[in-house]
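J.: Below are the C-alpha coordinates for one structure; questions will follow.
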Amino acid sequence: MPDRLPLISRALGGAAASAVVLLATAACSPVVSVENADVPRWRATALPSDSQAVLEDSGKILNRNRIIQEAASVPAGDYTLTITCDGGGKAFFAVTLAGKELTEAGAACNGSRETAKITVPTTGRMEISASSVDAPLLYAYHLVPAS
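Everything in the sequence shown is counted per my numbering, starting at 34 for the first residue and increasing by one.
Right, dumping it as C-alpha coordinates:
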(Lines of atoms letter the chains of each structure in order from A and count residues from 1; the text may use other names and numbers.)
(Lines give C-alpha, C1' and ligand atoms only; values in the text may rest on other atoms or scores of the structure.)
Protein backbone atom coordinates (compact mmCIF):
# COMPACT_ATOMS: atom_id res chain seq x y z
CA MET A 1 0.00 0.00 0.00
CA PRO A 2 2.80 2.49 0.69
CA ASP A 3 3.89 2.14 -2.95
CA ARG A 4 0.46 3.19 -4.24
CA LEU A 5 0.29 6.44 -2.25
CA PRO A 6 2.83 8.37 -4.40
CA LEU A 7 1.03 7.16 -7.52
CA ILE A 8 -2.32 8.49 -6.24
CA SER A 9 -0.67 11.79 -5.24
CA ARG A 10 0.82 12.20 -8.69
CA ALA A 11 -2.48 11.33 -10.39
CA LEU A 12 -4.39 13.87 -8.28
CA GLY A 13 -1.70 16.49 -8.82
CA GLY A 14 -1.86 15.93 -12.59
CA ALA A 15 -5.67 16.26 -12.55
CA ALA A 16 -5.46 19.48 -10.56
CA ALA A 17 -2.87 20.90 -12.97
CA SER A 18 -5.09 19.95 -15.92
CA ALA A 19 -8.05 21.68 -14.30
CA VAL A 20 -6.01 24.85 -13.75
CA VAL A 21 -4.89 24.88 -17.40
CA LEU A 22 -8.47 24.29 -18.60
CA LEU A 23 -9.84 27.12 -16.42
CA ALA A 24 -7.08 29.50 -17.50
CA THR A 25 -7.77 28.72 -21.16
CA ALA A 26 -11.50 29.33 -20.69
CA ALA A 27 -10.79 32.63 -18.93
CA CYS A 28 -8.66 33.77 -21.85
CA SER A 29 -11.11 32.76 -24.57
CA PRO A 30 -12.18 35.67 -26.76
CA VAL A 31 -15.37 37.47 -25.78
CA VAL A 32 -17.32 39.59 -28.24
CA SER A 33 -16.38 43.16 -27.50
CA VAL A 34 -18.96 45.87 -26.89
CA GLU A 35 -17.47 47.85 -29.75
CA ASN A 36 -18.27 45.00 -32.19
CA ALA A 37 -21.62 43.97 -30.68
CA ASP A 38 -24.77 43.84 -32.80
CA VAL A 39 -27.03 46.15 -30.74
CA PRO A 40 -30.37 45.26 -32.42
CA ARG A 41 -29.66 41.56 -31.97
CA TRP A 42 -28.66 42.05 -28.32
CA ARG A 43 -31.69 44.23 -27.64
CA ALA A 44 -34.09 41.70 -29.18
CA THR A 45 -33.45 39.42 -26.22
CA ALA A 46 -32.27 41.86 -23.54
CA LEU A 47 -35.22 44.29 -23.77
CA PRO A 48 -37.55 43.87 -26.74
CA SER A 49 -39.31 46.99 -28.03
CA ASP A 50 -42.73 47.77 -26.58
CA SER A 51 -45.41 49.16 -28.89
CA GLN A 52 -46.66 51.43 -26.07
CA ALA A 53 -43.28 53.05 -25.47
CA VAL A 54 -43.33 56.84 -25.48
CA LEU A 55 -39.54 56.96 -25.39
CA GLU A 56 -36.97 54.22 -25.97
CA ASP A 57 -33.37 53.82 -27.01
CA SER A 58 -30.53 51.33 -27.13
CA GLY A 59 -26.92 51.51 -28.10
CA LYS A 60 -23.32 51.48 -26.99
CA ILE A 61 -21.76 53.71 -24.39
CA LEU A 62 -18.14 53.80 -25.51
CA ASN A 63 -16.91 56.62 -23.28
CA ARG A 64 -18.17 58.70 -20.36
CA ASN A 65 -20.26 61.06 -22.51
CA ARG A 66 -24.02 61.05 -21.92
CA ILE A 67 -26.28 59.79 -24.69
CA ILE A 68 -29.55 61.73 -24.77
CA GLN A 69 -32.86 60.76 -26.36
CA GLU A 70 -35.86 63.10 -26.25
CA ALA A 71 -39.58 63.12 -26.91
CA ALA A 72 -41.23 66.43 -27.82
CA SER A 73 -44.42 65.88 -25.84
CA VAL A 74 -44.96 63.18 -23.20
CA PRO A 75 -48.46 63.27 -21.68
CA ALA A 76 -48.90 63.63 -17.93
CA GLY A 77 -49.39 60.32 -16.13
CA ASP A 78 -47.69 57.39 -14.48
CA TYR A 79 -44.99 55.49 -16.36
CA THR A 80 -42.59 52.60 -15.92
CA LEU A 81 -38.99 52.97 -17.06
CA THR A 82 -37.39 49.58 -17.76
CA ILE A 83 -33.61 49.56 -18.19
CA THR A 84 -30.91 47.01 -18.84
CA CYS A 85 -27.25 46.98 -19.75
CA ASP A 86 -24.48 44.51 -20.39
CA GLY A 87 -20.72 44.65 -20.36
CA GLY A 88 -19.85 45.04 -16.70
CA GLY A 89 -20.09 47.96 -14.31
CA LYS A 90 -23.19 50.10 -13.99
CA ALA A 91 -25.21 52.45 -16.20
CA PHE A 92 -27.15 55.50 -15.05
CA PHE A 93 -30.29 56.98 -16.56
CA ALA A 94 -31.50 60.52 -15.78
CA VAL A 95 -35.06 61.52 -16.67
CA THR A 96 -35.98 65.19 -17.06
CA LEU A 97 -39.19 66.96 -18.03
CA ALA A 98 -38.89 70.47 -19.47
CA GLY A 99 -35.36 70.66 -18.03
CA LYS A 100 -36.36 69.58 -14.48
CA GLU A 101 -35.12 66.28 -13.11
CA LEU A 102 -37.86 63.72 -12.45
CA THR A 103 -35.68 60.80 -11.40
CA GLU A 104 -32.43 58.91 -11.78
CA ALA A 105 -32.15 55.16 -12.11
CA GLY A 106 -29.27 52.75 -12.36
CA ALA A 107 -28.69 49.22 -13.55
CA ALA A 108 -25.93 46.71 -12.95
CA CYS A 109 -24.63 45.73 -16.38
CA ASN A 110 -25.08 42.01 -16.02
CA GLY A 111 -28.11 41.61 -18.28
CA SER A 112 -30.73 41.98 -15.55
CA ARG A 113 -33.67 44.36 -15.96
CA GLU A 114 -34.43 47.15 -13.53
CA THR A 115 -37.59 49.24 -13.35
CA ALA A 116 -38.45 52.64 -11.95
CA LYS A 117 -41.89 54.16 -11.51
CA ILE A 118 -42.14 57.74 -12.78
CA THR A 119 -44.94 60.25 -12.41
CA VAL A 120 -45.03 62.90 -15.11
CA PRO A 121 -46.91 65.83 -13.54
CA THR A 122 -47.61 67.79 -16.74
CA THR A 123 -47.32 67.20 -20.46
CA GLY A 124 -43.92 68.33 -21.72
CA ARG A 125 -40.61 67.67 -23.44
CA MET A 126 -38.83 64.72 -21.86
CA GLU A 127 -35.20 63.68 -22.05
CA ILE A 128 -33.62 60.47 -20.90
CA SER A 129 -29.84 60.37 -20.75
CA ALA A 130 -27.74 57.23 -20.44
CA SER A 131 -24.21 57.32 -19.08
CA SER A 132 -21.59 55.23 -17.33
CA VAL A 133 -18.14 55.58 -15.84
CA ASP A 134 -17.65 51.88 -16.63
CA ALA A 135 -17.72 52.22 -20.44
CA PRO A 136 -17.79 50.47 -22.78
CA LEU A 137 -21.18 48.79 -22.37
CA LEU A 138 -24.50 48.14 -24.09
CA TYR A 139 -27.71 49.74 -22.83
CA ALA A 140 -31.42 49.69 -23.60
CA TYR A 141 -34.48 51.27 -22.04
CA HIS A 142 -38.10 52.04 -22.70
CA LEU A 143 -40.66 54.23 -20.99
CA VAL A 144 -44.23 52.92 -21.13
CA PRO A 145 -47.48 54.01 -19.50
CA ALA A 146 -47.97 52.21 -16.19
CA SER A 147 -50.66 49.57 -16.25
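Built from N, CA and C at the ideal position, the CB exists for glycine as well. All values reported here derive from a predicted model rather than from experimental measurement.
1. Of the residues Glu137, Gln85 and Ala131, which one's Cα is nearest the Cα of Ala163?
2. In or out: Arg97 buried (at least 16 other Cβ within 10 Å) or exposed?
3. How many Å lie between Ser66 and Phe126 at the Cα?
4. What's the gap between the Cα of Ala70 and the Cα of Cys142?
5. Cβ atoms of Asp167 and Gly110: under 7 Å apart, would you say?
6. Grab me the residues of Ser106's own chain with a C-beta within less than 8 Å of its C-beta, minus the 5 sequence neighbours each way, in chain order.
7. Using only the alpha-carbon positions, how far apart do Thr129 and Arg74 sit?
8. Three-state secondary structure (DSSP) at Asn98?
9. With DSSP collapsed to three states, give me the class of Ala124.
10. Which word fits Ile94, buried or exposed, when buried means at least 16 other C-beta atoms lie within 10 angstroms of its C-beta?
11. Check Thr78 in the structure and name its three-state DSSP category.
12. Look at Ala179 and Thr113 and say whether their C-beta atoms are less than 7 Å apart.
13. In whole angstroms, give me the CA-to-CA distance for Ala104 and Gly144.
T.: Let me lay it out:
1. Checking every option, the nearest Cα to that of Ala163 belongs to Glu137.
2. A residue is called buried when at least 16 other Cβ atoms come within 10 angstroms of its Cβ; Arg97 does not meet this threshold and is exposed.
3. C-alpha separation (whole angstroms): 22 Å.
4. For Ala70 and Cys142, the distance between alpha carbons rounds to 15 Å.
5. Contact: no.
6. Leaving aside the five residues that flank Ser106 on each side, the residues in its chain whose CB is nearer than 8 Å to its CB run, in chain order, Thr156, Gly157 and Arg158.
7. The alpha-carbon of Thr129 is positioned some 29 Å away from that of Arg74.
8. In the three-state DSSP reduction, Asn98 falls in the coil class, being neither helix nor strand.
9. Annotated three-state conformation of Ala124 is strand, per DSSP.
10. Burial is judged here by how many other beta carbons sit within 10 angstroms of a residue's own beta carbon; Ile94 has at least 16 and is buried.
11. In the structure shown, Thr78 sits in a helix (DSSP, three-state: H, G or I).
12. Thr113 is positioned such that its CB atom lies closer than 7 Å to that of Ala179.
13. Looking at the two C-alpha atoms, the distance is approximately 26 Å.
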